[in-house]
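These protein sequence lines map, in sequence, to chains V and H.
Position 42, counted from 1, in the first sequence is what the working numbering calls 42; the numbers after and before it change by one each time, with no gaps.
Position 70, counted from 1, in the second sequence is what the working numbering calls 1070; the numbers after and before it change by one each time, with no gaps.
Here a beta-carbon is modelled for each residue, glycine too, at the ideal position from N, C-alpha and C.
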Amino acid sequence: MKIPYYPGCTLNTVAKDFDTSAREAATVLGLELKELDQWNCCGASFPLTPDNVMGLTAPTKVLVNARKEGDTVTTLCSVCYNVLKRTNKAINDDRDRRNLINEFIEEEYDGSLQVIHFLEVLRDRIGFDKVKNLVKRPLKGIKTGTYYGCMLLRPFEDIGIDDPEAPVIFEDLLRSLGCEPVEFPNKIECCGAHLAMGNEDVVVRLSGNVMTSAIDSGADLIVTSCPLCQYNLEKSQKRLVQDTADYSGIPVLYFTQILGLALGQSEDMLGFEKNICDIRPLLKEKGV
Amino acid sequence: MKIKISKENLQSEFVRKVERISGETLSNCYQCGNCTGGCPVSYEMDYGPSQIIRLLQLGEEGLLMNANSMWVCVGCLQCYSRCPKCVSAANILEALRQLTLRKGTDHENVSDLPFPFLKNAPQQAIVCGFRKFVS
Chain V
1 MKIPYYPGCT
11 LNTVAKDFDT
21 SAREAATVLG
31 LELKELDQWN
41 CCGASFPLTP
51 DNVMGLTAPT
61 KVLVNARKEG
71 DTVTTLCSVC
81 YNVLKRTNKA
91 INDDRDRRNL
101 INEFIEEEYD
111 GSLQVIHFLE
121 VLRDRIGFDK
131 VKNLVKRPLK
141 GIKTGTYYGC
151 MLLRPFEDIG
161 IDDPEAPVIF
171 EDLLRSLGCE
181 PVEFPNKIEC
191 CGAHLAMGNE
201 DVVVRLSGNV
211 MTSAIDSGAD
221 LIVTSCPLCQ
231 YNLEKSQKRL
241 VQDTADYSGI
251 PVLYFTQILG
261 LALGQSEDML
271 GFEKNICDIR
281 PLLKEKGV
Chain H
1001 MKIKISKENL
1011 QSEFVRKVER
1021 ISGETLSNCY
1031 QCGNCTGGCP
1041 VSYEMDYGPS
1051 QIIRLLQLGE
1061 EGLLMNANSM
1071 WVCVGCLQCY
1081 SRCPKCVSAA
1091 NILEALRQLT
1101 LRKGTDHENV
1111 SDLPFPFLKN
1121 APQQAIVCGF
1131 RKFVS
């Protein structure tokens, strides 16, 4: 099975491990993530004011290019997913904005594409049961804090991947890999997002709360699907490890790195060495 | 804090403009405070999301435009997710940001951004930050 894939800017650069681990895992699952022939940045934020039509032009161009390659496009980054899916819905639902954008970018796009997250590909097209059957290295006893953040879930009526207050898609995937997902209070709270630009104290507080809440709930590691969450958590972790005597730290990984590990990819190929808290001693300790 | 309620403020063009840009109807908010309760950054704001909406209902342009709230909002949509009336305080705060940025007033000076941030941060943080903070 081949599926058109939009990597987005961050996965092409600082989050390369997210991209490569997903492509490798997809191959094992009998799937090819076929990168779009042509793509541009999605704009990294869906314009919250409906009068800001200009902010929709970049993501619409991505959708136009994706539509040329099929009726579905998948993406890994939560923000890209949010922006593309919301833009697609806006174009589909609102004739005035659709006409205005089409005139401006000289295209005839109607919003007929289906934008799905890679997690949805795994759940709905492959099936977690099949994923489970292909696991070569069950991650037994690894307690995972599944960190959703904001953009994968909200707003519910536009995104609808799962329940916005009590999602389970991440937990269901991790269970199929042998992990033990743990509930923690901050799993759908914000990491501080773009406040990384200019307001680091807020980011450290918010991301710090996410990590301590996961640690206090017994998690051994945190998984995420957002490169900005990963960056904010890791950057905050660096400060917390330096400044706080009783903060021990927790590995923060992309869910595809854990997926790849369970599917038998070599630890050396998954980029674990880049994390502030290394997961490898934990794997040894748990004997997996 | 003492606020003088006047017909001019209540019916000001500023308030109508915020409604037009945000797409939100301010009178839908009945001040239950769920948005402020769920907001992860309200502790850092001069006025929390529900207070921002109340000040808008009262037409307090000066207080609103001088408050830091619009620059602290992360747009996580927890406010909207928990609002019983489906009001998006995030959209309203974005409208206030847009009103400032559209006048050419930047909140962040691009040349002041530290080099390690520009080098190491995900592109999405930089692009999103520019969209939220720079005209």
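Using a Cβ-Cβ cut-off of 8 angstroms (strictly less than) and excluding sequence neighbours within five positions of residue i, which residues of its own chain qualify?
| i | result |
| --- | --- |
| Asp-17/V | Tyr-254, Gln-257, Leu-270, Gly-271 and Lys-274 |
| Ile-188/V | Tyr-148, Gly-149, Cys-150, Leu-153, Pro-164, Glu-165 and Pro-167 |
| Asn-1028/H | Lys-1085, Cys-1086 and Val-1087 |
| Gly-55/V | Gly-43, Ser-45, Phe-46 and Pro-47 |
Counting only the same chain and skipping the five closest in sequence on each side, list residues whose C-beta sits under 6 angstroms from that of residue i.
| i | result |
| --- | --- |
| Leu-31/V | Met-1 |
| Arg-1097/H | Met-1070 |
| Leu-1101/H | Ser-1135 |
| Phe-1014/H | Glu-1061 |
| Gln-1057/H | Leu-1026 |
| Cys-226/V | Ser-78 and Gly-149 |
| Val-202/V | Gly-192 and Leu-195 |
Cα-Cα, which of the options is closest to residue i?
| i | options | result |
| --- | --- | --- |
| Gly-1059/H | Asn-1068/H, Ser-1022/H, Lys-1017/H and Pro-1114/H | Lys-1017/H |
| Phe-184/V | Gly-208/V, Ser-217/V and Val-203/V | Ser-217/V |
| Asn-1034/H | Cys-1128/H, Cys-1079/H, Arg-1054/H and Thr-1100/H | Cys-1079/H |
| Cys-1076/H | Ile-1052/H, Ser-1088/H and Pro-1084/H | Ser-1088/H |
| Ala-66/V | Asp-37/V, Thr-57/V and Asp-93/V | Asp-37/V |
| Val-1110/H | Arg-1102/H, Ala-1095/H and Phe-1133/H | Phe-1133/H |
| Lys-68/V | Ala-214/V, Trp-39/V, Cys-226/V and Phe-46/V | Trp-39/V |
| Pro-251/V | Thr-74/V, Lys-235/V, Phe-118/V and Ala-22/V | Lys-235/V |
| Ala-44/V | Arg-86/V, Pro-4/V, Glu-35/V and Leu-29/V | Arg-86/V |
| Thr-10/V | Pro-47/V, Thr-75/V, Ala-25/V and Gly-55/V | Thr-75/V |
| Cys-277/V | Asp-268/V, Lys-238/V and Glu-285/V | Lys-238/V |
| Thr-57/V | Val-14/V, Ser-78/V, Val-202/V and Gly-111/V | Gly-111/V |
| Asn-88/V | Gly-70/V, Lys-136/V, Phe-104/V and Val-62/V | Val-62/V |
| Leu-1093/H | Ser-1022/H, Lys-1103/H and Asn-1009/H | Ser-1022/H |
| Lys-1004/H | Leu-1055/H, Gln-1123/H and Phe-1130/H | Leu-1055/H |
| Phe-46/V | Leu-1118/H, Ala-1090/H and Gln-1031/H | Ala-1090/H |
| Ala-15/V | Val-1127/H, Lys-1002/H and Asn-1120/H | Asn-1120/H |
Which bits of chain V does residue i rub up against, with CB to CB less than 8 angstroms?
| i | result |
| --- | --- |
| Leu-1101/H | The contacting residues do not exist; Leu-1101/H stays about 10 angstroms from chain V at best. |
| Pro-1084/H | Simply none; closest approach about 14 angstroms. |
| Ala-1121/H | Val-14, Ala-196, Met-197 and Tyr-231 |
| Ser-1117/H | It is worth fixing the name first, because residue 1117/H is Phe in this sequence and not Ser. Ala-196 and Met-197, listed in chain order. |
Report the neighbours of residue i on chain V: residues whose CB is nearer than 7 angstroms to its CB, in chain order.
| i | result |
| --- | --- |
| Lys-1002/H | Within chain V, no residue comes near Lys-1002/H; the closest Cβ sits about 30 angstroms away, beyond 7 angstroms. |
Which residues in the same chain have their Cβ closer than 7 angstroms to the Cβ of residue i, if we skip the five residues on either side of it in sequence?
| i | result |
| --- | --- |
| Glu-107/V | Val-64 |
| Ala-22/V | Leu-33, Leu-76, Phe-118 and Thr-256 |
| Pro-59/V | Cys-42, Gly-43, Val-83, Leu-84 and Thr-87 |
| Leu-1064/H | Ile-1052, Leu-1055, Leu-1056 and Leu-1096 |
| Asn-102/V | Glu-108 and Tyr-109 |
Name the chain H residues whose beta carbon is nearer than 9 angstroms to that of residue i?
| i | result |
| --- | --- |
| Glu-273/V | The contacting residues do not exist; Glu-273/V stays about 16 angstroms from chain H at best. |
| Pro-155/V | Leu-1077, Tyr-1080, Ser-1081 and Ser-1088 |
| Cys-41/V | Gln-1123, Gln-1124 and Val-1127 |
With residue i and residue j assumed to form a contact (beta carbons below 8 angstroms), what rounded beta-carbon distance in angstroms separates them?
| i | j | result |
| --- | --- | --- |
| Leu-206/V | Cys-190/V | 6 angstroms |
| Gly-208/V | Leu-240/V | 6 angstroms |
| Ile-142/V | Glu-180/V | 7 angstroms |
| Leu-113/V | Asp-51/V | Not really, about 24 angstroms apart at Cβ, beyond 8 angstroms. |
| Leu-177/V | Leu-259/V | 7 angstroms |
So which residues of chain H does residue i contact, with C-beta pairs closer than 8 angstroms?
| i | result |
| --- | --- |
| Thr-10/V | Pro-1122, Gln-1123 and Gln-1124 |
| Cys-190/V | Pro-1040, Val-1041, Val-1074, Cys-1076 and Gln-1078 |
Taking C-beta pairs closer than 7 angstroms, name the residues in chain H that residue i reaches, listed in chain order.
| i | result |
| --- | --- |
| Pro-164/V | Ser-1081 |
Could you tell me if the beta carbon of residue i falls within a distance shorter than 7 angstroms of some heavy atom in the ligand PLP?
| i | result |
| --- | --- |
| Asp-1046/H | Among the components modelled here there is no ligand, and therefore nothing to report on the ligand PLP. |
### Query
At a Cβ cut of 9 angstroms, what residues of the segment 219-249 of chain V count as close to chain H, listed as they run along the chain?
Cys-226, Pro-227, Leu-228, Gln-230, Tyr-231, Asn-232 and Lys-235
### Query
Which residues, in chain order, does the segment 1005-1036 of chain H contribute to contact with chain V at a C-beta distance below 9 angstroms?
Listed in chain order, the positions of the segment 1005-1036 of chain H with a beta carbon within less than 9 angstroms of a beta carbon of chain V are Arg-1020, Ile-1021, Ser-1022 and Gly-1023.
### Residues, ordered as in the chain, of the segment 77-92 of chain V that lie near chain H by beta-carbon distance below 9 angstroms
Cβ contacts with chain H: Cys-77, Val-79 and Cys-80.
#### Entry: Short-range partners of chain V found in the segment 1037-1071 of chain H, where Cβ spacing is below 7 angstroms
Pro-1040, Val-1041 and Glu-1044
### Where the segment 192-215 of chain V meets chain H: residues whose CB sits under 7 angstroms from a CB there
Within the segment 192-215 of chain V, the qualifying residues are Gly-192, Ala-193, His-194, Leu-195, Ala-196, Met-197, Gly-198, Val-202 and Leu-206.
### Interface residues of the segment 43-75 of chain V facing chain H [CB-CB below 8 angstroms]
Cβ contacts with chain H: Gly-43, Ala-44, Ser-45, Pro-47, Leu-48, Thr-49, Pro-50, Asp-51, Asn-52 and Gly-55.
### Query
Using Cβ-Cβ distances below 7 angstroms, what residues of the segment 111-123 of chain V are close to chain H?
Under the 7 angstroms Cβ criterion, the segment 111-123 of chain V contributes no residue.
### Message
By the 9 angstroms beta-carbon criterion, what residues does the segment 138-154 of chain V contribute toward chain H?
### Response
Against chain H - using a Cβ distance shorter than 9 angstroms - the residues of the segment 138-154 of chain V are Gly-149, Cys-150, Met-151, Leu-153 and Arg-154.
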